[in-house]
């Protein structure tokens, strides 16, 4: 029983997804945020605008989910573009 | 700002070019100084882990030099492009468009920080002369950026 539990935990650990969160800020233009989402993530205009509006209205939006290293690369790119972005474990 | 074969032509007046070159130089100096106690520098290099000091330090160790270097390169590229404009405007290909968009963003972040820009306007009624000039510059940079984005939206796919 114990070994099964340990096994499950070991297997589950790397599967915990991480997220890239973009935060609202008072400076960046809505059109620019949407442009970055289209350009960097390759989102359609509709998807980029809907995410940008979520950032604007709710203060933040999850823009990507996946392994931690990948999320860190996204956040680095967002910082390069001047957007406020953070890395979190999914669900936090 | 008009679409042309090969990109977008940015036609700024001479005094506007002088201003933007000067601002790009100030941005480069700020990035070279790299003083994170300065709110503007902190905004240019925000935390990826605001609730985890250890992860934040680790992330910065791996990324902040690269992000700073790319922002510096952008500021210098914009200054060079505009210095080379003899009055006929400057043609921005795809790469130059992105560099200009990012550098305009960095400049607005710095000015926004200096002005205390919040979602509802400006923090303290900064109505001294310098504050008003900075506010005008801030708005003008936003206008240039918006014009470029509108031009690009005309040719971008949905």
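Protein chains in written order, with the numbering used here: chain A, 5 to 96; chain B, -19 to 138. Ideal Cβ placement from N, Cα and C applies to all residues, glycine included.
Taking one C-beta from the segment 13 to 21 of chain B and one from the segment 59 to 71 of chain A each time, how about it: are there three or more such pairs within less than 8 Å? no
Chain-ordered neighbours of residue 35 of chain A on chain B, where CB pairs are closer than 9 Å: 125, 126, 129, 130 and 133
Segment contact, 8 Å Cβ cut-off, at least three pairs: the segment 2 to 10 of chain B with the segment 78 to 86 of chain A: A contact between stretches requires three or more CB pairs, one per stretch, nearer than 8 Å, and the segment 2 to 10 of chain B fails this requirement with the segment 78 to 86 of chain A.
Taking residue 98 of chain B as the reference, give the member of A:28, A:22, A:23 and A:71 with the closest Cα. A:28
Please compile the residues from chain B whose C-beta is within a distance smaller than 7 Å of the C-beta of residue 86 of chain A. 82, 85, 86 and 89
Once you ignore the five residues that flank residue 71 of chain A on each side, which residues in its own chain have a CB closer than 7 Å to its CB? Shown here for residue 71 of chain A: same chain residues with a beta carbon closer than 7 Å to its own, the five before and five after excluded, namely 22 in chain order.
I need the DSSP call for residue 21 of chain B, collapsed to helix, strand or coil. helix
Counting only C-beta atoms, is residue 5 of chain A closer than 8 Å to chain B at any point? Note that residue 5 of chain A scores a pLDDT of 46, beneath 50, so its modelled location is shaky; the value from the coordinates is reported in the next line. With 8 Å as the cut-off, residue 5 of chain A does not count as an interface residue toward chain B.
Could one say the Cβ of residue 67 of chain B lies closer than 8 Å to chain A's Cβ atoms, at least one of them? no
Go ahead and label residue 10 of chain A buried or exposed: buried means 16 or more other beta carbons lie within 10 angstroms of its beta carbon, across all protein chains shown. In this prediction, residue 10 of chain A has a pLDDT of 48, which is less than 50 and means its spatial position is unreliable; nothing more can be read from the coordinates.
In this structure, does DSSP put residue -18 of chain B in helix, strand or coil? strand
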